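Numbering (the UniProt record's numbering), first residue to last: 1 to 728. What follows is a short report on a single structure.
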């Protein structure tokens, strides 16, 4: 009996020991699990998503991105945020999560930490991981959508906007001489027109690029092109020089957003293997814009008869007609853009999953119908959406005034654009931004500097040749003679025109009278251009219906002279003006010369790579500058201009492609806009430096341009190769 009791006691004791050990081990395992979970969330490891259920896997399985094909071809249920089993998609708004928590505030085992318990750095890390996953999935979706009718339609719509940018650049140079003469602009203010347009484009590129990352590519492009079109039309009707500058400033401000927004927009609907080639083809529209502007200037501006006037207060000359015609590409792009959707990549970036899915399905169905495969189903049901981080926006209360609320809203948006811009200098894009800054600045400085220098040198050669053919007449004595023919490029010194000498229905072009006497003479129906009377004496002379104003009589004495119906203001006349046609023709040839470079860059962009194209083109352009030593005639300078433009266009195309591929979606347009603004600043600086050296020396422009281009090309070779990368 005692043995039985002892055995039972031993058994109970052993059972208690076993129970204690089991309990201790269980507590240890629970603690380990809790510690592991806490460490995992504290370290913000993205690996926890890899062990989730199969419903959370969005990668490709059997070509259906982890979901079964929708038999209803992507019915509306796929966009409502749930499926037949009422399963909520990841990335959709799911209400307030109901996660169990202990009494002491500890997170329940196996449940993720709620967003309100995470700091901003942790949320940004999770968003970055989501963006990386989305980038891979989006590339596969675009490949399934294919390349077809939708991309080509968007290609031509965005091409019109890019064409308008090219027109805006050329319009300034073509209009400047006529506008200066028509508005009587003094030489001290003649340079403001070119600089003010580039200033507007510089500010506009930065602002609209940043806005495109906030409100969308399509919306930003619509607004900026509308601003450009409105002020471009308005500038053709204004009469005052100050108001004209104001209109061209805002016209440039509007068109400044075209380039960064267009390339960001189009790149986000192209698959990786199509991106380089088709972005290069898109660059051709900038060339088409230059050709269009040159051709219209050639056809319209020299026709002085295409004008009308309303008294002496309102004059509408042919150059104003040219300004209106040049606004047509902008208007066309605005109308066409209203029929195009927003970039689906941008919509996914800002968490608009359903809208992005509908646009992607539209792209897919449009391309499949064009291929004759309307029955092909869009198999994507869910798309990864990056975690959205709420921004705290402080707005005045309802009792605040409306203009105060608008001011706060505008200030908040501008601050948001500035923050996005500063993120372009954060890791990992900081090094790329610095290198791109150097390449954009050097290429713009060299290209625009020499582009201004070439025409100025050609005009300087023309002026020297024209001056060499001047005719001198000395000690003339003319009495009772009627002049009724054109005088051009002449200098008359120490002459006497007396006894009813008459100058009737004449044109004076570049004529100067020095130390001459006009007595009892009549000037009637006279039109003059660059004509002056220096140190002359007029006695009993009548002026009727002439444009001989007081400033044309330099140190001259008028005794008992009468003036009737004097035409005031500046007079424009391009009749038989060969130089006007010649300037437009030179620019037309220089713009047309980039066509071979555009074709070569488009065909080879994806074959030899962006970096090889960029570095090689800039180095060759720098070397070609040394051929300018032999440019001693107009024809040779035109040939050098065509060669230079043809080589540099490949660098521009490859630089545009590299820029959109190096920046992530949330700052792509902002980064591009900043670099494009830098481009305009470099252009103004290049114009000032190279323009001041015209007629002085060739050595400095040649060495300066070749040095910056070669250095920029070498820096460009240090950029990362983006040919095989997806859009991040």
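Ideal Cβ placement from N, Cα and C applies to all residues, glycine included. What you are looking at is a predicted structure, and each value in this text was computed from that prediction instead of being measured.
Open item on the list: Just to confirm my understanding: we take residue 276, look at its own chain, exclude 5 residues before and 5 after, and list those with CB closer than 6 Å. What are they?
Closed with: 605, 606 and 657
Task: Own chain partners of residue 273 with C-beta closer than 8 Å, once the 5 adjacent residues on each side are dropped - done: 606
Task: For residue 534, the first and last residue of its enclosing beta strand (DSSP E) - done: 532-534
Task: Helix, strand or coil at residue 550 [DSSP, three-state] - done: Look at residue 550 here: in three-state DSSP terms it is helix.
TODO: Would you mind stating whether residue 501 and residue 480 have Cβ atoms separated by less than 9 Å?
DONE: yes
Open item on the list: Taking the alpha-carbon of residue 684 as reference, which of 148, 169 and 150 has the nearest alpha-carbon?
Closed with: 169
Open item on the list: Does residue 340 come out as helix, strand or coil in the three-state DSSP assignment?
Closed with: Residue state, collapsed to three classes: coil.
Task: Buried or exposed by the 16-neighbour rule on C-beta atoms within 10 Å, applied to residue 406 - done: exposed
Open item on the list: Classify residue 202: buried if its beta carbon has 16 or more other beta carbons within 10 angstroms, exposed otherwise.
Closed with: buried
- [ ] Starting from the C-beta of residue 520, find all residues in its chain whose C-beta is less than 8 Å away, skip the five residues before and the five after it, and write them out in chain order.
- [x] 498, 499, 500, 501, 539, 540 and 541
Open item on the list: If distances are taken between C-alpha atoms only, which option among 626, 653 and 584 comes closest to residue 601?
Closed with: 653
Open item on the list: If you follow the beta strand (DSSP E) that residue 502 is in, where does it begin and where does it stop?
Closed with: Residues 502-514.
- [ ] Would you mind sorting residue 353 into buried or exposed? The rule is 16 or more other CB atoms within 10 Å of its CB.
- [x] buried
Open item on the list: Give me, in chain order, the residues of the same chain whose beta-carbon lies closer than 6 Å to that of residue 320; leave out the 5 immediate sequence neighbours on both sides.
Closed with: 236
TODO: From the DSSP output, in three-state form, read off residue 721 for me.
DONE: coil
Task: Under the three-state DSSP convention, the category residue 525 falls into - done: strand
TODO: Could you tell me which residues DSSP puts in a beta bridge with residue 490?
DONE: 471 and 511
Task: For residue 249 and residue 221, the rounded distance between their alpha carbons - done: Distance between the alpha carbons of residue 221 and residue 249 is about 18 Å.
Task: Alpha-carbon spacing of residue 526 relative to residue 518, whole angstroms - done: 16 Å
Task: Bridge-paired residues (DSSP) for residue 477 - done: 496
- [ ] Following the continuous alpha helix (DSSP H) through residue 562, name the residue where it begins and the one where it ends.
- [x] Here residue 562 belongs to no alpha helix (DSSP H); instead the beta strand (DSSP E) covers 562-564.
Task: Distance, residue 615 Cα to residue 649 Cα - done: 12 Å
- [ ] Flag this pair as yes or no: are the beta carbons of residue 489 and residue 515 separated by less than 9 Å?
- [x] no
TODO: State the beta-bridge partners of residue 172 as determined by DSSP.
DONE: The partner list for residue 172 (beta bridge, DSSP) is empty, contrary to what the question assumes.
- [ ] Let me know if residue 213 comes out buried or exposed under the rule of 16 or more other beta-carbons within 10 Å of its beta-carbon.
- [x] buried
Task: Close-in-space but distant-in-sequence residues of the same chain around residue 633 (CB under 8 Å, 5 per side omitted) - done: 461
TODO: Please name the residue, chosen from 507, 513, 558 and 560, that lies closest to residue 546 on a Cα-to-Cα basis.
DONE: 507
Open item on the list: Suppose you measure from the CA of residue 141 to the CA of residue 693; what does that come to, to the nearest Å?
Closed with: 54 Å
Task: residue 517 - partner residues in DSSP beta bridges - done: 496 and 537
Task: For residue 586 and residue 702, believed in contact at Cβ under 8 Å, the rounded distance - done: Contact doesn't hold; Cβ gap of about 20 Å is too wide.
Open item on the list: Closest to residue 505 by C-alpha separation, out of 522, 491 and 484, would be which residue?
Closed with: Comparing Cα-Cα distances from residue 505 to each of 522, 491 and 484, the minimum goes to 484.
Task: Three or more C-beta pairs below 8 Å linking the region 277-288 and the region 353-367 - done: no
Task: Unbroken alpha helix (DSSP H) run spanning residue 685, endpoints - done: 668-691
Open item on the list: Please state the DSSP three-state secondary structure of residue 584.
Closed with: helix
- [ ] Select from 556, 566, 512 and 510 the residue whose C-alpha is nearest the C-alpha of residue 523.
- [x] Comparing Cα-Cα distances from residue 523 to each of 556, 566, 512 and 510, the minimum goes to 566.
TODO: Excluding the 5 residues preceding and the 5 following residue 366 in the sequence, name in chain order all residues of the same chain whose CB lies nearer than 6 Å to its CB.
DONE: Excluding sequence neighbours, residue 366 sits near 149 and 150.
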